[in-house]
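Protein chains in written order, with UniProt numbering: chain A, 1 to 255; chain B, 1 to 249; chain C, 1 to 257.
Just so you know, even glycine gets a beta-carbon here, dropped at the ideal spot from N, CA and C.
The structure under discussion appears below in the form of structure tokens.
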Amino acid sequence: MKKFLMLGCAAMALTVGSAQADVVRVGIAAEPYPPFTAPDSAGNWVGWEVEIIDAVCAAAELECELTPTAWDGIIPALLSGRIDTIMASMSITEDRLQTIDFSDPYYNTPTVIVGQRDMEMDATPEGLSGMVIGVQVSTIHQTYAQTYFEEGSELRTYQTQDEANQDLASGRIDATQADSLALDDFLGTEAGACCEIKGTVAMDESILGSGVGAGVRKGDDELREALNAGIAAILADGTYDEITARYFATSIYGQ
Amino acid sequence: MLDWLFQTWPGLEASAALLSLEPPGWGGNLLRGALNSVIIALGAFTLGCVIGIFGALGKLSGGPVTRDLLSIYTTVVRAVPELVLILLLYYAGTDLLNQFLRLLGYRPIEISGLAAGIGVLGIVQGAYATEVLRGAIQSVQRGQTEAARAFGMTPFQTFRRITFPAMLPLALPGLSNLWLIATKDTALLAIVGFSELTLETRQAAGSTRAYFTFFLAAGALYLIMTLVSGRIFGWIEARYRRGQAGARA
Amino acid sequence: MIRDWVSPHRIGLLLVALGVVIWAAVSMRWDWIPRYAGLGLEGIWRTLWLLALSLLIGGALAVPLGLAQAAGPAFLALPARWFCTVIRGTPLLLQLWLIYFGLGSLFPQFPSIRQSELWPYLRQAWPYALLALSLSYAGYEGEVMRGAFKSVPQGQLEAGRAFGLSRFAVLRRIWLPQALARALPTLGGEAILQLKATPLVATITVIEIYAVASRVRQDTFIIYEPLLLLALIYMAIAGVIALGFRWLERRFTRGLG
């Protein structure tokens, strides 16, 4: 009994102590989001966005620490001070801007519908009526689908895009809406053979936003400007293009 | 033996490769997650026991206000799902703690995910531990504590020397049950993104799409944890009950 | 009883509680409630029927599981014991994901499943949630029923046999009712634990009350208020369950020594 107590105390002491203010804790989604952020089998986080975070932090001379956080609660984690910035493929939208601030965008990707090969559909509310559509929770895709597709189709909400893809492969859903870059990765796998891109959804910038940026707490202008400077620096010196070329065939910066 | 198995069931070899401890196998990640689960469970159980002891003493010999507040605590925790409590305490807990510290003029502290997980599960465990320990303390015979008082022991000495050792064997079955709950509740921290066994499993399964293999492997790890700790608790119980033949009923 | 409630410290505590409630009502945001009331009621309904059905199915499975362990031959007792050990030794969240995503990952290998008549059900999430919740409850209750069956005095069963009752009649008229009456206090607590397990099914896309609260949180970015209301709803349901079982206990344990 006493040993249990001592062990527990030691564990607590180890974890509470480190309170360093100058480390920037960068929140990424704890759920895999290949090819942007995903853990590898050695327990390291890898992917395009992980490398971009490293490069931005190096250019802005920030000491950054990746902090995997549940996607579902990543904004609460930012607001409660558990993390200092969100760099997790989060689109800059009007809704989110009411709660948090964003840096300049660092990439942009069209939103597509991927569906079963053997079914007729397109990326419109009429083309999807009667279908079962899967989306990831707390994403622009969920908001978009709730706005445009909820009337005629059945929506299912998943904790991760991986799980929605998995259910698409198993046939439990007919289609999913997500970023084209993330879905390209899935379509390239064996499980993705079931499905194909059915089209790009109609643009609604108030929901889909204007690109992906780093989220910061409102008023944290010092960090926001440092991140902006870092993003501008890696765009200017070619680091951004060099990293992108290793993951994608074309530029993903957008206009 | 292994060769024969792999030949008769080709899927098994692929599963074994996925689970191997060295990359590209994901076994190492699973074991790291399991270690985290054990650390959280140990921490939460310990914290729960400490809260439980004070809670039980408060319920038994505290003033009316203490007793009522403790009843509210145990009732709320036992009626609200752990998942909801974890979310509330995980986000609001840090916030409130820091506001409180600021009010007292201290600098806000950073709380690591591990400490927050231990704290949250510990508070949940504490409510159940309070009830277990209260029952155990109540069943210690009054005469024993009165005798201790008569010998001139302070209440604290009485508790340490008489009540605590006498109630421990009675509390152990309940506590061992709580420990099992603690190990399983660590899985809920996967929902707030803490990398314990269940989240590591989900990541591995999502990345490789071998859902069945990884969930079964994680199930086996949890089962090993609970069976081994069940044995340990059985052994402790047997030790503490030595010479207490009468207490067995 | 009433004197208890008007003692000075209780009045003080009630005043403090009232103050907290008023403060919460005034300074927190509740304007989202009317917009989500419909979804919320649907969510509560789904939580309730998932709970009720899983208690019924799990409870029905628990009786043979308990009986097999208490009095069955080894080839029944051992599997029953293993089932209970495995269910009680692993987290429900993991069981749920294994059943939903694990089974789902097997579907593409068997295309004929999609042509079968069960497919409309297999496509949806709630059958898996119900299955996982029922199996879990059966595992925990199987253990409780084992103890309950064992605690019925042997003499009563022998007396039943002496009256010429068949084995089955002894089970139905003496053994089972007494075991159930003895298990009732535990079953009430376990039913509340089962209620507390239901929000996990939100992770496999079932939209019960917890999922509705999550949706409010992510639509409006209001963090604490939906969770607080959710906690109140669960406490109310738990209270009703506790009262219900107390009533059952009073009815069925009358005259039980």
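What three-state label does DSSP hand G238 of chain A in the structure shown? DSSP places G238 of chain A in coil when its eight states are reduced to three.
Residue environment, S18 of chain A, which counts as buried when at least 16 other CB atoms sit within 10 Å: Legend: pLDDT at S18 of chain A = 38, less than 50; position of this residue unreliable, value from coordinates given subsequently. Around the beta-carbon of S18 of chain A, fewer than 16 other beta-carbon atoms lie within 10 Å, marking it exposed.
So, V112 of chain A versus A214 of chain A, is the Cβ gap smaller than 9 angstroms? The answer is no: Cβ separation not under 9 angstroms.
Please state the DSSP three-state secondary structure of L143 of chain A. Contrary to the premise, residue 143 of chain A reads as Thr rather than Leu in this sequence. If DSSP states are grouped into helix, strand and coil, T143 of chain A belongs with the helices.
Got a sec: which bits of the stretch 192-219 of chain C sit with their beta carbon under 9 angstroms from any beta carbon on chain A, in order along the chain? Hits within the stretch, in order: A202, T203, I204, T205, I207, A211, S214, R215, R217, Q218 and D219.
For H141 of chain A, count neighbouring C-beta atoms within 10 Å of its own C-beta (all shown protein chains included) and say buried if the count is 16 or more, exposed if not. Here H141 of chain A is buried: its Cβ has 16 or more other Cβ atoms, across all protein chains shown, within 10 Å.
I need the straight-line Cα distance from D84 of chain A to V216 of chain A, nearest angstrom please. Taking the straight line from one Cα to the other gives about 6 angstroms.
Return no unless some Cβ of chain C is closer than 9 angstroms to the Cβ of D185 of chain A. The Cβ of D185 of chain A sits no closer than 9 angstroms to any Cβ of chain C.
Identify, in the order they occur along the chain, each residue of the same chain with its Cβ nearer than 8 angstroms to the Cβ of P173 of chain B, setting aside the five sequence neighbours on each side. If you ignore the 5 residues before and after P173 of chain B, its C-beta comes within less than 8 angstroms of the C-beta of E237, all in its own chain and listed in chain order.
Quick one: which residues of the stretch 161-175 of chain A get their C-beta closer than 7 angstroms to a C-beta of chain C? List them in chain order. The residues in question are E163, Q166, D167, A169, S170, G171 and R172.
Classification of G254 of chain A by the beta-carbon crowding that lies within 10 angstroms, buried from 16 upward: Under a 10 Å Cβ-count criterion, G254 of chain A is classified as exposed, with fewer than 16 other Cβ atoms of the shown protein chains found around its own Cβ.
Look at the Cβ atom of L181 of chain A, then the Cβ atom of G134 of chain A, and state whether they are nearer than 9 angstroms. Pairing L181 of chain A with G134 of chain A gives a Cβ-Cβ distance that is not under 9 angstroms.
If we cut at 9 angstroms on Cβ distances, does T66 of chain B have a partner in chain A? With 9 angstroms as the cut-off, T66 of chain B does not count as an interface residue toward chain A.
Quick one: residues in its chain with C-beta nearer than 7 angstroms to the C-beta of S129 of chain A, no 5 flanking neighbours on either side, listed in chain order? Excluding five sequence positions before and after S129 of chain A, the CB atoms of its chain that fall closer than 7 angstroms to its own CB belong to G152 and S153, given in chain order.
I'd like to know whether the C-beta atoms of A178 of chain A and Q136 of chain A end up nearer to each other than 9 angstroms. Result yes, Cβ atoms of A178 of chain A and Q136 of chain A sit closer than 9 angstroms.
Whose Cβ in chain A lies nearer than 7 angstroms to the Cβ of V192 of chain B? Going along chain A in sequence order, the residues near V192 of chain B (Cβ under 7 angstroms) are A70 and G73.
Nearest-angstrom Cα distance between A236 of chain C and D185 of chain B? Taking the Cα positions, A236 of chain C is about 23 angstroms away from D185 of chain B.
Tell me, please, which residues DSSP counts as bridged to R25 of chain A. R25 of chain A is bridged to A:E65.
Does V165 of chain A pass the burial test, meaning 16 or more other C-beta atoms within 10 Å, or should it be called exposed? Sequence inspection shows Asn at residue 165 of chain A; the Val mentioned does not correspond to that position. Taking every protein chain shown into account, the CB of N165 of chain A has 16 or more other CB atoms within 10 angstroms, so this residue is buried.
R217 of chain C to I223 of chain C span [Cα, whole Å]: Those two C-alpha atoms are separated by around 6 angstroms.
Run through DSSP, which three-state label would Y158 of chain A get? Strand, per DSSP.
So, does the CB of R231 of chain B fall closer than 9 angstroms to a CB anywhere in chain C? The Cβ of R231 of chain B sits no closer than 9 angstroms to any Cβ of chain C.
Find the nearest neighbour of L65 of chain C within the set C:G102, C:R10, C:K150 and C:R161, judged by alpha-carbon distance. Comparing C-alpha distances from L65 of chain C to each of C:G102, C:R10, C:K150 and C:R161 shows the shortest one belongs to C:K150.
With a cut-off of 9 angstroms, does the C-beta of A125 of chain C fall near any C-beta of chain A? It does: the Cβ of A125 of chain C has a partner Cβ on chain A nearer than 9 angstroms.
State the start and end residues of the unbroken alpha helix (DSSP H) segment that holds V206 of chain C. Premise fails: V206 of chain C is in no alpha helix (DSSP H) and is neither H nor E.
Where do the N-terminal and C-terminal ends of the beta strand (DSSP E) with A175 of chain A fall, by residue? Following the DSSP letters along the chain, one finds A175 of chain A inside the beta strand (DSSP E) bounded by residues A175 to D179.
Excluding sequence positions up to five away, which residues of its chain have a Cβ less than 8 angstroms from the Cβ of S206 of chain A? Closer than 8 angstroms at Cβ, skipping near neighbours: T93 and E94.
Can you round the beta-carbon distance between E51 of chain A and I243 of chain A to whole angstroms, since I take them to be within the 8 angstroms contact cut? Contact flag correct, Cβ pair sits at about 5 angstroms.
Among the residues of its own chain, which have a CB less than 8 angstroms from the CB of T201 of chain B, if the five just before and after it don't count? Hits under 8 angstroms: L30, G33, F214, F215, A217 and A218.
Residues that P76 of chain A contacts on chain C, provided the C-beta gap is smaller than 7 angstroms: Neighbourhood of P76 of chain A in chain C, by CB distance below 7 angstroms: I223, in chain order.
Note down, in chain order, every chain A residue with its Cβ under 9 angstroms from the Cβ of R114 of chain C. Here the neighbours are G171.
Neighbour-count burial assignment, G19 of chain C, 16 or more Cβ in a 10 Å radius: Looking at its Cβ environment, which holds fewer than 16 other Cβ atoms inside 10 Å, G19 of chain C is exposed.
Any beta carbon from chain A within less than 9 angstroms of S37 of chain B's own beta carbon? Chain A, which has no Cβ nearer than 9 angstroms to the Cβ of S37 of chain B, makes this no.
Inter-stretch contact (C-beta, 8 angstroms, three-pair minimum) for the stretch 117-127 of chain C and the stretch 174-184 of chain C: With a cut-off of 8 angstroms, the stretch 174-184 of chain C and the stretch 117-127 of chain C do not count as touching, because too few Cβ pairs lie within range.
Which residues share a DSSP beta bridge with V135 of chain A? Its beta-bridge partners are A:T157.
Taking 9 angstroms as the CB-CB limit, is Q142 of chain A close to chain C? The beta-carbon of Q142 of chain A is placed less than 9 angstroms from the nearest beta-carbon of chain C.
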